[in-house]
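K.L.:
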Amino acid sequence: MIDRQHLAILREVSRRGSVTAAAEKLNVTQSALSHTIAKFEERHGIKIWMKTGRGLRLTQAGEYLLTVAERVLPQMEHAQRVLMDFALGRRGALRVGMECHPCQRWLTRIATPYLTQWPDVDFDVRTAFRFDGVEALLGFEIDLLITPDPVETPELLFTPVFDYELVLMVHEAHPLAGRAGVQPQDLLDEELITVPVTLERLDIYTRFLVPANCRPRQHRTAETIDLMLQLVCAGRGVTVLPDWLLQEDASGLPIRALRLGDSGIRKSINLGVRRGEETTSYIDGFLKLAREMGR
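Just so we're aligned: 35 in UniProt numbering is position 35 of the sequence shown, and the numbers increase by one with no gaps anywhere.
Structure (structure tokens):
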């Protein structure tokens, strides 16, 4: 029989690189862990891993079981958490992940009314700036993903809830400030400030600069939107943000917003859930509230 203990051992050994570290994480002795795996290997007539110097190398069978563990264990942990919620008298738990910095600002619009409407739901927010949100959703690490870049996959359902346009923000004294819009060539001599993600995830590059074979003179990153706006106000560069942030965060600042290209770069905030869970009451409640407030 393959049970949860075997899969948990394999996952921890893979993550931590040694039997000793895995045993410490699982609160068992190293000998007990090794004995458990040895009996499993004997029963099934296979080897799970082999020693290579001071490390371990998974066999083909071990690699296969690891993929099973990475898929099955998060679902079992999710089920345990849901059952615990029921035992504690809660309706459930909603873990929200985000893949963009502005999404966090948008979420503040929804969080307060949602918490008021669903007081018996445990609400947790996890910033997904540093990890693949789709993978986290598929792996049951989160229950709902807020992203401007939905991915078509049979297992997930994405719903657009709020439309916006990305605009170039410059200081009001900037030479470009008097124009309605800019072309890629206009940014060749600029210092562009963006959030700290790869260029492949920045629309200003993928949908504006790269197709025109253009690059800014310099590219730097800032950890927060507030810092990005402060740098623009100080004349330290230009940045690209959703147009609605100009009204909410840049009101009264010496900043002008310019359209990118002739037709602009239009985006939507999307909410992704695992297909079939969109009808879960507290998830459906979040989706409906987000659609209503996004109008």
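Just so you know, even glycine gets a beta-carbon here, dropped at the ideal spot from N, CA and C. As the structure is a prediction and not an experimental result, all values here were calculated from the model.
Count the other CB atoms, across all protein chains shown, that sit within 10 Å of the CB of Asn27; report buried if there are 16 or more and exposed otherwise.
P.N.:
exposed
K.L.:
Between Gln75 and Leu202, what straight-line distance do the alpha-carbon atoms span, to the nearest angstrom?
P.N.:
32 Å
K.L.:
For the pair the region 57–77 and the region 113–126, tell me if three or more CB-CB distances fall below 8 Å.
P.N.:
Under the 8 Å Cβ criterion, the region 57–77 does not count as touching the region 113–126, having fewer than three qualifying pairs.
K.L.:
Quick one, are the C-beta atoms of Pro254 and Cys214 less than 8 Å apart?
P.N.:
no
K.L.:
By alpha-carbon positions, which one of Leu229, Leu10 and Glu190 ends up nearest to Tyr64?
P.N.:
Leu10
K.L.:
Inspect the CB distances between the region 30–37 and the region 52–59 and report whether three or more fall short of 8 Å.
P.N.:
Using a Cβ-Cβ distance cut-off of 8 Å, the region 30–37 and the region 52–59 are not in contact, since fewer than three pairs of beta carbons, one from each stretch, lie closer than that value.
K.L.:
With Thr239 and Thr194 assumed to form a contact (beta carbons below 8 Å), what rounded beta-carbon distance in angstroms separates them?
P.N.:
7 Å
K.L.:
Which runs of the beta strand (DSSP E) fall wholly inside the region 222–250 and span at least 3 residues, in chain order?
P.N.:
238–242
K.L.:
Excluding sequence positions up to five away, which residues of its chain have a Cβ less than 6 Å from the Cβ of Phe129?
P.N.:
Confidence at Phe129 is low in this model, with a pLDDT of 44, below 50, so its placement is unreliable and the value that follows should be read with caution. Nothing listed; no residue qualifies.
K.L.:
Just the Cα atoms here: how many angstroms apart are Pro150 and Phe158?
P.N.:
Computed Cα separation, rounded: 6 Å.
K.L.:
In this structure, how does DSSP classify Ile37 when only helix, strand and coil are distinguished?
P.N.:
helix
K.L.:
Figure out for me which residue from Thr206, Pro113 and Arg236 has the closest Cα to the Cα of Gln218.
P.N.:
Arg236
K.L.:
With 16 other CB atoms within 10 Å as the buried threshold, where does Pro216 fall?
P.N.:
Flag for Pro216 reads buried.
K.L.:
In angstroms with no decimal places, state the Cα-to-Cα distance between Thr280 and Tyr164.
P.N.:
Their backbone Cα atoms lie some 28 Å apart in a straight line.
K.L.:
Which runs of the alpha helix (DSSP H), 4 residues or longer, sit entirely within the region 21–106?
P.N.:
30–44 and 60–87
K.L.:
Excluding five sequence neighbours on each side, which residues of the same chain lie with their C-beta closer than 8 Å to the C-beta of Arg109?
P.N.:
Met293
K.L.:
Nearest to Gly181 by alpha carbon, out of Glu41, Leu166 and His78?
P.N.:
Cα-wise, what sits closest to Gly181 is Leu166.
K.L.:
Would you please state the rounded distance, in angstroms, between the beta carbons of Leu168 and Leu260? I believe it to be under 8 Å.
P.N.:
6 Å
K.L.:
Inspect the CB distances between the region 221–230 and the region 136–151 and report whether three or more fall short of 8 Å.
P.N.:
no
K.L.:
Does DSSP classify Arg15 as helix, strand or coil?
P.N.:
In the structure shown, Arg15 sits in a helix (DSSP, three-state: H, G or I).
K.L.:
Taking 8 Å as the threshold (C-beta atoms), are Pro113 and Leu289 in contact?
P.N.:
yes
K.L.:
Quick one: is Arg43 buried, meaning 16 or more other Cβ sit within 10 Å of its Cβ, or exposed?
P.N.:
exposed
K.L.:
Could you tell me which of Phe86, His35, Thr147 and Ala93 sits nearest to Asp124, measuring between CA atoms?
P.N.:
It is Ala93 whose Cα lies nearest to the Cα of Asp124.
K.L.:
What is the DSSP secondary structure of Ala177, counted as helix, strand or coil?
P.N.:
Secondary structure of Ala177 (DSSP, three-state): coil.
K.L.:
Taking a contact to mean a Cβ-Cβ separation below 8 Å, would you say Leu137 touches Arg275 in this structure?
P.N.:
No, these two residues do not count as a Cβ contact at 8 Å.
K.L.:
Would Leu83 pass as a contact of Val161 if the rule is Cβ separation under 8 Å?
P.N.:
no
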